[in-house]
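Colleague: Please see the structure below; I have some questions.
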Amino acid sequence: MSTLHTVNKSPFEKNSLEACLRLAAKGNTVLFFEDGVYGAMKGTAVADKIKSAMNNLTFCALGPDLKARGIDALAGHAGAIAAGHQQCVQGGQRRDA
Amino acid sequence: MSTLHTVNKSPFEKNSLEACLRLAAKGNTVLFFEDGVYGAMKGTAVADKIKSAMNNLTFCALGPDLKARGIDALAGHAGAIAAGHQQCVQGGQRRDA
Amino acid sequence: MSSIKKFLFINRRAPYGTVYAWESLEVVLIGAAFDQQVNLAFVDDGVFQIVKGQDTSQLSTKNFSPTYSALGDYGVTNLYVEKESLDLRGLTANDLLPLKYEDENDNYAEKDSIQVVSAAALAKILEEQDVLLNF
Amino acid sequence: MSSIKKFLFINRRAPYGTVYAWESLEVVLIGAAFDQQVNLAFVDDGVFQIVKGQDTSQLSTKNFSPTYSALGDYGVTNLYVEKESLDLRGLTANDLLPLKYEDENDNYAEKDSIQVVSAAALAKILEEQDVLLNF
Amino acid sequence: MKLGIQVSEGPYTHQASLSALNYVKAAVEAGHEIFRVFFYHDGVNNGTRFTTPPQDDRNIVNSWSKLAKDHNIDLVVCVAAAQRRGIVDAGEQKRNGKDGNNIAEGFRISGLGQLIEACIQCDRMVVFGD
Amino acid sequence: MKLGIQVSEGPYTHQASLSALNYVKAAVEAGHEIFRVFFYHDGVNNGTRFTTPPQDDRNIVNSWSKLAKDHNIDLVVCVAAAQRRGIVDAGEQKRNGKDGNNIAEGFRISGLGQLIEACIQCDRMVVFGD
Numbered sequence: 013m014s015t016l017h018t019v020n021k022s023p024f025e026k027n028s029l030e031a032c033l034r035l036a037a038k039g040n041t042v043l044f045f046e047d048g049v050y051g052a053m054k055g056t057a058v059a060d061k062i063k064s065a066m067n068n069l070t071f072c073a074l075g076p077d078l079k080a081r082g083i084d085a086l087a088g089h090a091g092a093i094a095a096g097h098q099q100c101v102q103g104g105q106r107r108d109a
Numbered sequence: 013m014s015t016l017h018t019v020n021k022s023p024f025e026k027n028s029l030e031a032c033l034r035l036a037a038k039g040n041t042v043l044f045f046e047d048g049v050y051g052a053m054k055g056t057a058v059a060d061k062i063k064s065a066m067n068n069l070t071f072c073a074l075g076p077d078l079k080a081r082g083i084d085a086l087a088g089h090a091g092a093i094a095a096g097h098q099q100c101v102q103g104g105q106r107r108d109a
Numbered sequence: 326m327s328s329i330k331k332f333l334f335i336n337r338r339a340p341y342g343t344v345y346a347w348e349s350l351e352v353v354l355i356g357a358a359f360d361q362q363v364n365l366a367f368v369d370d371g372v373f374q375i376v377k378g379q380d381t382s383q384l385s386t387k388n389f390s391p392t393y394s395a396l397g398d399y400g401v402t403n404l405y406v407e408k409e410s411l412d413l414r415g416l417t418a419n420d421l422l423p424l425k426y427e428d429e430n431d432n433y434a435e436k437d438s439i440q441v442v443s444a445a446a447l448a449k450i451l452e453e454q455d456v457l458l459n460f
Numbered sequence: 326m327s328s329i330k331k332f333l334f335i336n337r338r339a340p341y342g343t344v345y346a347w348e349s350l351e352v353v354l355i356g357a358a359f360d361q362q363v364n365l366a367f368v369d370d371g372v373f374q375i376v377k378g379q380d381t382s383q384l385s386t387k388n389f390s391p392t393y394s395a396l397g398d399y400g401v402t403n404l405y406v407e408k409e410s411l412d413l414r415g416l417t418a419n420d421l422l423p424l425k426y427e428d429e430n431d432n433y434a435e436k437d438s439i440q441v442v443s444a445a446a447l448a449k450i451l452e453e454q455d456v457l458l459n460f
Numbered sequence: 365m366k367l368g369i370q371v372s373e374g375p376y377t378h379q380a381s382l383s384a385l386n387y388v389k390a391a392v393e394a395g396h397e398i399f400r401v402f403f404y405h406d407g408v409n410n411g412t413r414f415t416t417p418p419q420d421d422r423n424i425v426n427s428w429s430k431l432a433k434d435h436n437i438d439l440v441v442c443v444a445a446a447q448r449r450g451i452v453d454a455g456e457q458k459r460n461g462k463d464g465n466n467i468a469e470g471f472r473i474s475g476l477g478q479l480i481e482a483c484i485q486c487d488r489m490v491v492f493g494d
Numbered sequence: 365m366k367l368g369i370q371v372s373e374g375p376y377t378h379q380a381s382l383s384a385l386n387y388v389k390a391a392v393e394a395g396h397e398i399f400r401v402f403f404y405h406d407g408v409n410n411g412t413r414f415t416t417p418p419q420d421d422r423n424i425v426n427s428w429s430k431l432a433k434d435h436n437i438d439l440v441v442c443v444a445a446a447q448r449r450g451i452v453d454a455g456e457q458k459r460n461g462k463d464g465n466n467i468a469e470g471f472r473i474s475g476l477g478q479l480i481e482a483c484i485q486c487d488r489m490v491v492f493g494d
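Protein chains in written order, with the working numbering: chain A, 13 to 109; chain B, 13 to 109; chain C, 326 to 460; chain D, 326 to 460; chain E, 365 to 494; chain F, 365 to 494.
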């Protein structure tokens with residue numbers, strides 16, 4: 013079963029996203045949820061970092077968390093798909109970085 | 013009364029130190045305490061940032077917090093003076109960034 | 326000591342991920358009721374608190390962003406937003422709630438509560454305050 | 326499913342500022358008692374947990390760093406420390422506690438528990454685990 | 365699939381407990397088995413019946429109790445973490461000489477072994493926390 | 365100097381409450397007046413008498429109670445934050461229909477106005493928190 017990394021902190025506040033990108037192996041998936049969904053926004057200081065990581069990793073973000081923060085329209089560089097709680101369970105969430 | 017900024021988070025984990033450096037005015041003092049004392053270590057990725065900020069700001073770190081973490085010997089680029097709780101009170105702590 | 330103090334509430338956290346933004350707003354409203362001069366700053370992820378279009382209906386949590394629109398009625402009319410924090414997050418003033426107040430001293434003309442200021446300008450504003458509270 | 330699982334406890338926080346490091350150690354000790362294969366990783370500020378010379382006598386809080394020395398007796402002998410995290414903090418292996426274990430399979434020879442590994446190597450180790458717990 | 369859940373933060377300061385609730389609800393709806401929810405660190409604060417959140421806000425403690433009752437889910441509060449933070453059931457009350465207890469319906473207090481057991485028994489362990 | 369203190373985190377997860385304790389002790393020794401200590405956010409969790417920390421660890425709740433008694437310091441727990449988190453005194457117990465209370469000796473529950481008043485009255489307000 014492929015590892016699913018979760019990031020629940022804003023990439024502008026904490027180092028969680030950076031650690032995740034460093035420790036995720038090729039083919040892994042990264043799920044943004046809670047304040048982590050700010051990592052899915054376009055045009056930010058971390059957007060390029062994620063774009064280049066997309067060669068190795070798949071990114072998705074939790075839809076209800078994006079909507080709550082009013083950034084569902086601002087989010088979504090290619091590949092960052094909004095997912096519901098239901099999809100999270102099926103996708104197989106396993107917190108590790 | 014001159015403003016005293018306090019930083020209680022590690023500069024490697026959170027953005028507290030960066031915000032503090034951005035928002036402190038010339039002549040202000042910055043006190044590192046709790047996990048913030050890691051900002052007082054020599055030879056780290058943030059040490060240069062602090063050295064250049066020393067033109068405008070005074071830095072100090074809480075002695076008991078340095079000792080607890082075993083970094084009292086590793087700390088102290090010029091100007092980062094270890095202070096006790098007593099000195100904190102007299103120096104005038106005022107949390108703002 | 327003057328009986329009216331200048332308060333600056335510095336909001337640094339994103340909404341919903343933690344409760345700090347909401348519990349800060351509760352203090353702001355009480356502070357305003359005490360007839361103090363209450364000002365707000367939005368720095369770092371705090372700028373996300375006033376992003377428009379928040380919708381918590383799928384999260385079973387309260388959307389408190391409409392409360393910011395009521396601040397003008399409480400006499401809280403200075404909302405400083407740090408430009409550097411907006412820039413880092415790819416945001417502009419257009420992405421923020423259109424927060425207004427009616428100026429009693431100018432025939433109740435509607436004016437913007439939000440002022441986008443540089444870090445250097447905000448540092449000067451900090452120096453002018455009597456009480457700084459971070460949330 | 327095999328009855329022995331590979332656990333990796335990933336320690337990411339500095340000691341004392343928060344309780345996570347200490348409460349992680351409590352789980353590690355219990356995990357070892359369950360006869361599982363228990364491994365530890367120290368990443369980000371987690372590397373500060375095993376810096377030598379900790380002295381909390383002026384802080385009225387318990388110095389739990391000696392407990393790491395006991396891990397070998399519990400069969401916890403793989404302590405992976407991420408090199409990138411050490412580098413960023415200006416630390417080397419010499420700044421860390423001299424954590425050892427006695428190798429039952431090698432005539433009880435004393436060996437180092439700490440292995441400094443690159444992020445890329447640690448990413449591979451993560452993939453080999455059954456259970457990952459972050460603290 | 366058999367799932368184990370760890371909740372590491374209290375009911376209001378962080379979103380973690382709410383995220384865990386939403387996740388568990390979705391997992392149950394999808395037909396997965398929730399082997400156990402283990403409350404550790406500040407997560408133990410989810411297990412007090414003394415909360416009175418505002419009328420217009422969510423009541424997270426009650427949501428956990430209801431979920432446990434409706435789907436027979438095992439909610440375990442870590443005893444060591446609970447002692448440090450003041451979550452008490454009848455047994456702990458007696459053991460530690462307290463004059464009352466505050467455990468909420470559907471929660472029980474037990475040891476860290478319950479977390480390790482969940483990790484061993486479950487196909488997947490999902491942690492919600494800071 | 366007249367000092368006001370705010371504590372924003374609980375007694376064990378973050379160092380904040382311990383830092384505040386050490387600061388207040390040093391301030392009292394130096395002859396300053398502590399006008400009030402206000403517990404907000406998770407800080408309200410410092411005010412429960414139900415904690416039983418390990419024998420070899422600090423007992424932060426008792427340290428606050430003792431400090432309050434020895435130096436007549438006003439320890440105020442924010443009512444709104446306390447309701448969300450389950451800190452209850454006799455009055456709150458009655459008002460919210462709870463079957464017990466857990467407030468520790470020397471603490472009282474009151475409104476946010478007590479924080480603003482401290483900001484107005486004190487020469488300096490010092491905040492300890494996350």
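Don't be surprised by glycine CBs; every beta carbon is placed ideally from N, CA and C. Computed from a predicted structure; not experimentally measured.
1. Would you report the Cα separation of L479/E and G407/F, rounded to the nearest angstrom?
2. Shorter than 7 Å from the beta carbon of Q379/E to some beta carbon of chain A?
3. Helix, strand or coil for L16/A, going by three-state DSSP, please let me know.
4. Identify the contact partners of D385/C in chain E, using a Cβ-Cβ distance below 9 Å as the criterion.
5. Please name the residues in the stretch 37 to 57 of chain A whose beta-carbon is closer than 7 Å to at least one beta-carbon of chain E, in chain order.
6. Does any residue of chain D have a CB that is nearer than 7 Å to the CB of P23/B?
7. Identify which residue in V363/C, Y399/C, I450/C, F373/C has its Cα closest to the Cα of I484/F.
8. For N40/B, write down the residues that DSSP places opposite it in a beta bridge.
9. Run the CB neighbour count on E435/D, radius 10 Å, all protein chains shown included, and call it buried at 16 or more, exposed below.
10. Taking the alpha-carbon of V19/B as reference, which of G82/B, N68/B, I62/B has the nearest alpha-carbon?
11. For the beta strand (DSSP E) containing C72/B, list its first residue and its last residue.
12. Quick one: is F332/D buried, meaning 16 or more other Cβ sit within 10 Å of its Cβ, or exposed?
13. Please confirm if Q105/B has its CB atom under 7 Å from at least one CB of chain D.
14. Taking only beta-carbon atoms, is L35/A less than 7 Å away from chain D?
15. Which of the three DSSP states is assigned to Q467/F in this structure?
16. Measure from the C-beta of V359/C to each C-beta in chain F and report whether the shortest distance is under 7 Å.
17. On the three-state DSSP scale, how would you describe V49/A?
18. Assign R459/E to buried or exposed, taking buried as 16 or more other Cβ atoms, counted over all protein chains shown, within 10 Å of its Cβ.
19. Grab me the residues of D453/E's own chain with a C-beta within less than 6 Å of its C-beta, minus the 5 sequence neighbours each way, in chain order.
20. With N440/C as the anchor, note down where its alpha helix (DSSP H) starts and where it stops.
21. Give the straight-line distance between the Cα atoms of K26/B and Y433/D, rounded to the nearest whole angstrom.
22. Please state the DSSP three-state secondary structure of Q486/F.
23. So, for V392/E: in the same chain, excluding its five sequence neighbours on each side, which residues have a beta-carbon less than 7 Å away from its beta-carbon?
24. Taking just the CA atoms, how far does D398/D sit from A73/A?
25. Run down chain B in chain order and give the residues with a C-beta less than 8 Å from the C-beta of K26/A.
26. Specify the secondary structure class of K331/C as computed by DSSP and reduced to three states.
27. Should G82/A be flagged as near chain C, meaning a C-beta pair shorter than 7 Å?
28. Output the distance between the C-alpha atoms of A448/C and S28/B, rounded to the nearest integer angstrom.
29. Of the residues that make up the stretch 399 to 419 of chain D, which ones have a beta carbon closer than 7 Å to any beta carbon in chain B?
30. For Q419/E, count neighbouring C-beta atoms within 10 Å of its own C-beta (all shown protein chains included) and say buried if the count is 16 or more, exposed if not.
31. From which residue to which residue does the beta strand (DSSP E) around I424/F run?
32. What did DSSP end up calling K26/B once you bin it into helix, strand or coil?
33. When the cut-off is 7 Å and only beta carbons count, does L367/E lie next to chain D?
34. Given a cut-off of 7 Å on the beta-carbon distance, is the pair T415/F and V401/F in contact?
35. So, with DSSP's three-state summary, where would you put L458/C?
36. Can you find the residues in the same chain that come closer than 6 Å, C-beta to C-beta, to G493/E, ignoring five residues on each side of it along the sequence?
Modeller: So, to answer that:
1. Distance between the alpha carbons of L479/E and G407/F: 27 Å.
2. Yes, its Cβ sits closer than 7 Å to a Cβ of chain A.
3. Strand at L16/A.
4. Contrary to the premise, residue 385/C reads as Ser rather than Asp in this sequence. Ordered by position in chain E, the residues that pass the 9 Å Cβ test against S385/C are L382, L385, N386, R422, S427.
5. Residues F45, E46.
6. Not closer than 7 Å to any Cβ of chain D, the Cβ of P23/B fails to qualify, so no.
7. Among V363/C, Y399/C, I450/C, F373/C, the Cα nearest to that of I484/F is on V363/C.
8. In the DSSP output, where bridge partners are listed per residue, N40/B has none listed.
9. Around the beta carbon of E435/D, fewer than 16 other beta carbons sit within 10 angstroms, so the residue counts as exposed.
10. A check of alpha carbon separations from V19/B across G82/B, N68/B, I62/B identifies I62/B as the nearest.
11. Here the beta strand (DSSP E) through C72/B covers 70 to 74.
12. Buried: at least 16 other Cβ atoms inside 10 Å.
13. Residue placement at Q105/B is flagged as unreliable, the pLDDT there being 42, under the threshold of 50; the coordinate-derived value follows with that caveat. No - not a single Cβ of chain D is within 7 Å of the one on Q105/B.
14. Closer than 7 Å to some Cβ of chain D, the Cβ of L35/A qualifies, so yes.
15. Here residue 467/F turns out to be Ile, not Gln, going by the sequence shown. In the three-state reduction of the DSSP assignment, I467/F falls in the strand class.
16. For the sequence presented, residue 359/C should be read as Phe rather than Val. Look at F359/C: its C-beta is under 7 Å from a C-beta on chain F.
17. Correct three-state label for V49/A: helix.
18. It is exposed - the Cβ of R459/E has fewer than 16 other Cβ atoms within 10 Å.
19. Within the same chain, Cβ atoms closer than 6 Å to the Cβ of D453/E are found at N465, I467, I473, the five residues on either side in sequence being excluded.
20. Checking the sequence, you will find Gln at residue 440/C rather than Asn. Unbroken run through Q440/C is the beta strand (DSSP E), 439 to 442; no alpha helix (DSSP H).
21. Looking at the two C-alpha atoms, the distance is approximately 43 Å.
22. Correcting the residue type first, residue 486/F is Cys in the shown sequence and not Gln. C486/F: coil per DSSP, three-state reduction.
23. Taken in chain order, the residues that qualify are I398, H435.
24. Distance between the alpha carbons of A73/A and D398/D: 43 Å.
25. Listed by position along chain B, the residues whose Cβ is nearer than 8 Å to that of K26/A are E25, K26, N27.
26. K331/C falls in the strand class under three-state DSSP.
27. Using a CB distance cut-off of 7 Å, G82/A counts as an interface residue toward chain C.
28. For A448/C and S28/B, the gap between their C-alpha atoms comes out near 15 Å.
29. Of all residues in the stretch 399 to 419 of chain D, only L413, R414, G415 come within less than 7 Å of chain B when Cβ atoms are compared, listed by chain position.
30. So Q419/E counts as exposed.
31. Unbroken run through I424/F is the alpha helix (DSSP H), 424 to 435; no beta strand (DSSP E).
32. Of the three classes helix, strand and coil, the one that applies to K26/B here is strand, per DSSP.
33. Not closer than 7 Å to any Cβ of chain D, the Cβ of L367/E fails to qualify, so no.
34. Their beta carbons are not under 7 Å apart, which means T415/F does not touch V401/F by this criterion.
35. Note: L458/C maps to strand in three-state DSSP.
36. Apart from sequence neighbours up to five positions away, the residues of its chain that approach G493/E with a beta-carbon distance below 6 Å are S372, E373, A380, ordered along the chain.
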